[in-house]
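This report refers to the structure that appears directly beneath it.
4 protein chains.
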Amino acid sequence: MNAAERRVRDSFARQTFMSLLGARLGRVSPGEVDVELPFRNDLVQQHGYLHAGVTTAIADSACGYAALSVMPDDAAVLSVEYKVNLLAPAAGRRFVAQGRIVRSGRTITVVRADVLAFDEREDARPVLAMLGTMMAVRGRGIVD
Amino acid sequence: MNAAERRVRDSFARQTFMSLLGARLGRVSPGEVDVELPFRNDLVQQHGYLHAGVTTAIADSACGYAALSVMPDDAAVLSVEYKVNLLAPAAGRRFVAQGRIVRSGRTITVVRADVLAFDEREDARPVLAMLGTMMAVRGRGIVD
Amino acid sequence: MNAAERRVRDSFARQTFMSLLGARLGRVSPGEVDVELPFRNDLVQQHGYLHAGVTTAIADSACGYAALSVMPDDAAVLSVEYKVNLLAPAAGRRFVAQGRIVRSGRTITVVRADVLAFDEREDARPVLAMLGTMMAVRGRGIVD
Amino acid sequence: MNAAERRVRDSFARQTFMSLLGARLGRVSPGEVDVELPFRNDLVQQHGYLHAGVTTAIADSACGYAALSVMPDDAAVLSVEYKVNLLAPAAGRRFVAQGRIVRSGRTITVVRADVLAFDEREDARPVLAMLGTMMAVRGRGIVD
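Residue numbers (our numbering), protein chains in the order written: chain A, 89 to 232; chain E, 89 to 232; chain D, 89 to 232; chain H, 89 to 232.
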């Protein structure tokens with residue numbers, strides 16, 4: 089494991105909210121990070137599908153770490169903004185958020201993510217599309 | 089409690105994810121719904137602030153129920169899309185997501201939310217701004 | 089030219105704003121529509137780059153017609169919402185907005201677009217990414 | 089006219105695209121800038137309403153200059169991203185985009201805008217809501 093992957097994995101481990109969800113890191117490579125989540129009955133909205141806040145949360149983490157994976161050692165990553173379209177009810181046995189860099193800059197990195205739902209046959213379909221903006225910060229506040 | 093408020097409260101009670109977060113409904117009036125959340129250490133990102141997925145989740149629920157509160161009895165509400173700006177680190181003792189209707193239509197309702205963070209003195213500051221699109225559905229799929 | 093392509097081209101021809109910009113339709117196939125635009129000095133912002141409103145306008149038209157290209161004959165298309173990231177200064181000799189369907193539904197169609205800038209050597213680079221929501225309407229108002 | 093207002097008005101005058109649209113600056117005060125636009129038949133989409141690219145363009149300019157109005161003298165403003173909801177068909181005799189600062193920071197400024205349509209009686213209704221992100225740059229590229 090190289091230094092960048094180590095940094096991503098150490099930081100993810102400090103996101104106690106990912107632990108609460110039961111989410112774990114999958115693939116970590118430069119500009120590409122996956123976050124995986126098994127379905128649980130305590131993560132749903134009123135119709136029994138995964139709550140949009142849950143799919144958004146794993147997409148945000150996947151995007152943030154995709155951005156961090158190519159940032160300098162002394163930089164931290166913060167989410168400036170994101171937008172999501174919910175493509176289908178989030179029904180499935182497990183979910184994978186695939187965070188990818190669209191455009192990487194010194195301060196601003198534009199990212200996107202797809203969240204895929206896998207059913208019992210391991211057939212996948214997209215349930216969420218995210219487009220977002222991450223920022224490299226060096227010892228300063230979130231959007232300052 | 090009138091029928092619309094009853095319907096909102098019943099539906100919110102079925103969102104098991106809100107229970108997992110420790111979130112509860114506050115104000116419920118036509119077109120205006122608040123969701124409240126006390127801080128907890130298992131809801132944070134790597135820097136100790138509330139995870140953006142958490143603030144987004146309560147904002148989404150507040151917006152969805154603001155929309156549902158003015159929909160006909162036979163309609164269900166589904167989130168089509170939303171976008172958020174994260175305005176400041178989500179530090180605080182408790183948080184309130186204020187969902188409001190911007191424009192209400194037969195099929196599409198445009199909504200917004202502010203999430204406020206309250207510190208120990210009960211001083212508030214905004215940490216998230218959401219603009220989103222909700223859809224009234226009648227026995228059909230989410231975006232069909 | 090089939091009926092769907094004819095419908096797209098007839099509708100585009102009624103968008104007087106596209107004429108004002110000097111934009112024209114490129115590729116029109118099911119779910120995929122391109123809009124092309126040569127650079128002009130009267131389309132710029134304060135630094136001499138194409139105004140973000142211009143690149144957004146051709147991306148919106150490309151997305152709307154990508155959605156319309158797969159809608160039933162009696163449906164019209166309206167933009168519900170969109171969001172864009174500006175990836176780089178919009179410098180170039182010509183620009184192409186590539187509208188694509190992400191997920192097609194009966195009422196709601198989710199779309200995306202990339203706007204590419206071509207320089208004098210015909211090298212391309214992306215300057216805008218759009219994610220948006222289109223709606224099929226049948227003789228009703230825009231978001232009603 | 090103070091230095092900040094002068095700077096906004098000089099910069100706006102260099103946006104040739106605003107001239108092409110027939111848009112002009114209205115109110116310019118710290119954090120609040122209005123852009124006004126009379127209706128014209130060459131600014132419409134296929135149903136005869138103002139094209140969404142037009143209302144987005146004046147909203148983007150209003151937001152950018154709202155941000156610039158509170159930035160240091162040596163900073164330029166660039167749009168990082170924005171998202172819009174189209175609330176109603178953009179029918180009217182004239183339109184006003186009201187750009188406002190939501191949260192101002194050293195590098196990132198979060199902005200919003202409403203576009204109002206005025207009919208022949210000067211009755212107004214909102215047709216577009218924007219939420220966006222502007223960036224202060226000092227001699228560097230757009231998102232670098």
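We put the beta carbon where it would ideally sit given N, CA and C, even for glycine.
Listed in chain order, the beta strand (DSSP E) elements of length 3 or more contained wholly in the segment 112-164 of chain D are 112-117 and 120-126. DSSP, reduced to helix, strand and coil, places residue 182 of chain E within a strand of the structure shown.
Interface flag for residue 117 of chain D against chain H is unset, since no Cβ pair is found closer than 8 angstroms.
Taking the beta carbon of residue 221 of chain H as reference, the chain E residues within 9 angstroms of it are 173, listed in sequence order. Chain H places a beta carbon closer than 8 angstroms to that of residue 198 of chain E, counting this residue as a contact. Two segments are said to touch when three or more pairs of C-beta atoms, one from each, lie closer than 8 angstroms; by this definition the segment 121-134 of chain H does not touch the segment 109-119 of chain D. Under the Cβ criterion (8 angstroms, minimum of three pairs), the segment 212-227 of chain D counts as touching the segment 165-177 of chain D. Taking a Cβ-Cβ threshold of 7 angstroms, the residues of chain A close to residue 169 of chain H are 169 and 221, in chain order.
Residue 209 of chain A: not part of any beta strand (DSSP E); DSSP gives it neither H nor E.
When the beta-carbon positions are compared, residue 223 of chain D and residue 196 of chain E come within less than 8 angstroms of each other.
In the structure shown, the three-state DSSP call for residue 218 of chain H is strand.
In the DSSP assignment, residue 166 of chain A is bridged to A:223. Using a 10 angstroms sphere on the CB of residue 148 of chain A, the tally of other CB atoms reaches 16 or more, which defines it as buried.
In this structure, DSSP gives residue 104 of chain D a helical state, which the three-state scheme calls helix. Here residue 183 of chain E is near residue 138 of chain E, since their CB atoms are less than 8 angstroms apart. Listed along the chain, the chain D residues whose CB falls inside 9 angstroms of the CB of residue 195 of chain H amount to none; the nearest CB is some 16 angstroms away. Look at residue 134 of chain E: its C-beta is under 8 angstroms from a C-beta on chain A. Look at the segment 90-123 of chain H: the residues with a C-beta under 9 angstroms from a C-beta of chain D are 98, 99, 100, 101, 102, 103, 104, 105, 106, 107, 108 and 109. Taking all protein chains in view, the Cβ of residue 159 of chain D is crowded by 16 or more other Cβ atoms within 10 Å, so the residue is classified as buried. Looking at H:210, H:136, H:96 and H:104, the one whose alpha-carbon comes closest to that of residue 177 of chain H is H:136. Beyond the five residues adjoining it in sequence on each side, residue 104 of chain H comes within less than 8 angstroms, by CB distance, of no other residue in the same chain. Taking C-beta separations shorter than 6 angstroms and ignoring five residues to either side along the sequence, the partners of residue 92 of chain E in its chain run 157, following chain order. Cβ neighbours of residue 112 of chain H within its own chain (closer than 6 angstroms, five residues either side excluded): 124. Taking every protein chain shown into account, the CB of residue 141 of chain E has 16 or more other CB atoms within 10 angstroms, so this residue is buried. Take residue 191 of chain H, set aside five residues on each side of it, and the residues of its chain with a beta-carbon closer than 8 angstroms to its own are 197 and 198, in chain order.
Taking all protein chains shown into account, residue 187 of chain E has 16 or more neighbouring C-beta atoms within 10 Å of its C-beta and is therefore buried.
Comparing alpha carbon positions, the residue from E:180, E:129 and E:94 closest to residue 203 of chain E is E:180. Residue 101 of chain E sits exposed, since fewer than 16 C-beta atoms from the chains shown fall within 10 Å of its C-beta. With respect to chain E, the C-beta atom of residue 217 of chain H has a partner C-beta closer than 8 angstroms. Shortest Cα-Cα distance from residue 175 of chain H to any of H:129, H:95, H:144 and H:97 involves H:144. Residue state for residue 176 of chain E is assigned as coil, using DSSP reduced to three classes. Within the same chain, and ignoring the five residues on either side of residue 133 of chain A in sequence, the residues whose Cβ sits closer than 6 angstroms to its Cβ are 139. Separation of residue 153 of chain D and residue 162 of chain D (C-alpha to C-alpha, rounded to the nearest whole angstrom) is 15 angstroms.
Listed in chain order, the non-local C-beta contacts of residue 185 of chain H below 6 angstroms within the same chain comprise 123, 146, 147, 150, 201 and 203, local neighbours out to five positions each way being set aside. If the five residues before and after residue 96 of chain E are omitted, its C-beta is found closer than 8 angstroms to the C-beta atoms of 113, 116, 121, 153, 156 and 157, all from its own chain and listed in chain order.
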